[in-house]
Amino acid sequence: MPTILLCKGWRIFFFANEGNEPIHVHCRKGNAKGKFWILPDAYEIKKAYVRYMTRREERQIRRILFDHLDEIVEAWNEFQESTND
Numbered sequence: 001m002p003t004i005l006l007c008k009g010w011r012i013f014f015f016a017n018e019g020n021e022p023i024h025v026h027c028r029k030g031n032a033k034g035k036f037w038i039l040p041d042a043y044e045i046k047k048a049y050v051r052y053m054t055r056r057e058e059r060q061i062r063r064i065l066f067d068h069l070d071e072i073v074e075a076w077n078e079f080q081e082s083t084n085d
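Here it is as structure tokens:
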């Protein structure tokens, strides 16, 4: 589970063994957790699911993801390249 970012109590990470899924991240802060699809070409983030997350927390994590979109995509691509070697 490579951690991409720690921000405002959120841990943003992805799992290494999820097959050929497109870019996405998992987020966790306390009991709140979620999964979001990252669509860099459309500059969009789609919610896959959220659990135990208030609307305020969901807005906060979406803002964090948008603010760090390039960093997330870069980390995803680097990790994919390193696992394909």
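Residues in the sequence shown are numbered consecutively from 1, following the working numbering. We put the beta carbon where it would ideally sit given N, CA and C, even for glycine.
Query: Nearest-angstrom beta carbon gap, E57 and K29 [assumed within contact, 8 Å]; Result: 7 Å
Query: T83, enclosing alpha helix (DSSP H) - first and last residue; Result: L69 to N84
Query: Pair within 8 Å by beta-carbon distance, I23 and P40; Result: yes
Query: Three-state secondary structure assigned by DSSP to A16; Result: coil
Query: Cross-strand partners of L5 (DSSP beta bridge); Result: I12
Query: Coil, strand or helix - P21 by DSSP; Result: For the sequence presented, residue 21 should be read as Glu rather than Pro. DSSP places E21 in coil when its eight states are reduced to three.
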